[in-house]
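Residue numbers (my numbering), protein chains in the order written: chain A, 7 to 119; chain B, -17 to 94.
From the three backbone atoms N, C-alpha and C, an ideal C-beta is built for every residue, glycine too.
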Amino acid sequence: GAVVSQHPSRVICKSGTSVKIECRSLDFQATTMFWYRQFPKKSLMLMATSNEGSKATYEQGVEKDKFLINHASLTLSTLTVTSAHPEDSSFYICSARRGDTQYFGPGTRLTVL
Amino acid sequence: KQEVTQIPAALSVPEGENLVLNCSFTDSAIYNLQWFRQDPGKGLTSLLLIQSSQREQTSGRLNASLDKSSGRSTLYIAASQPGDSATYLCAVDSGGYQKVTFGTGTKLQVIP
């Protein structure tokens, strides 16, 4: 089946720094990728839809200037958490659509100290 | 707007017991439904994917069923083991450019 990878799997950073998370579709091209975030004891919520070659579409309430998304190629989307704060600590997961199915990466756990 | 509910939120069973986890969704126009496992502090592991045209999928001790008309899916775990302890999430994919909607999960504990 299709494989989606994320890097890094875990990251710890100091408050105020920026963190980049990569999402790659390993064996297929994806014009659309999705970024989700998991809040404690809550379901995974869609943050934004990443479109190759164009601007990302953000869900209501998600700060586009804080969560920068770049979909520079058909196999790579990046999420940059800028000026991270402890409240940004969370589990971030991406997915890529191939045909009718979304394939999910394993996720990245971000801890901001 | 698709809404996905998982009941129960938590479940504790003795080792060896068969168990059923439930997932219900409000909009039956779906492309597929996935069941995931999430261990504490870890990422998602896809367990089973059921396409909208399918009724069930099986993998080892796991069996997932799908009834689109009633908006339900179940995950059946046979002969549960302590290693099955994790949070189980169902995710409903409405297809196209629509997002996948996740349930809030069922936290399973299998007691040795």
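Looking from the CA of B/Q(-16), the closest CA among B/L31, B/A(-9), B/T8, B/A(-8) belongs to B/T8. Residues of the stretch -2 to 22 of chain B with a Cβ closer than 7 Å to any Cβ of chain A, in chain order: Y13, N14. The beta carbon of B/G53 does not come within 8 Å of any beta carbon belonging to chain A, so the residue lies off that interface. With 16 or more other CB atoms across the displayed protein chains lying within 10 angstroms of its CB, A/H77 is buried. In the three-state DSSP reduction, B/E38 falls in the strand class (E or B). By the C-beta density criterion, B/K81 is buried, having at least 16 other C-beta atoms within 10 angstroms. In its chain, beyond the 5 residues on either side, R16, V17, I18, C19, S95 have a beta carbon closer than 8 Å to the beta carbon of A/T117.
Contact between B/C72 and B/V(-5) fails: their C-beta atoms lie close to 19 Å from each other, not under 8 Å. Neighbours of A/K48 in chain B, taken as residues at a C-beta separation under 7 Å, are given in chain order as T86. The beta carbons of B/S41 and B/L29 sit closer together than 8 Å. In the DSSP assignment, B/Y13 falls outside any beta strand (DSSP E), carrying neither H nor E.
For the stretch 70 to 103 of chain A, the residues whose beta carbon sits under 9 Å from a beta carbon of chain B are, in order, F97, I99, S101, R103. A contact between stretches requires three or more CB pairs, one per stretch, nearer than 8 Å, and the stretch 23 to 31 of chain A meets this requirement with the stretch 85 to 101 of chain A. Of all residues in the stretch 33 to 44 of chain A, those with a C-beta nearer than 7 Å to a C-beta of chain B are T38, F40, reading in chain order. Under DSSP, A/S83 shares a beta bridge with A/C29. Out of A/S101, A/R115, A/G67, A/E93, the CA that lies nearest to the CA of A/F34 is found in A/S101. If you look at B/N45, you'll find it in the beta strand (DSSP E) that goes 44 to 49. DSSP places A/P92 within a helical segment (H, G or I) once states are collapsed to three. Look at B/K50: its C-beta is not under 8 Å from any C-beta on chain A.
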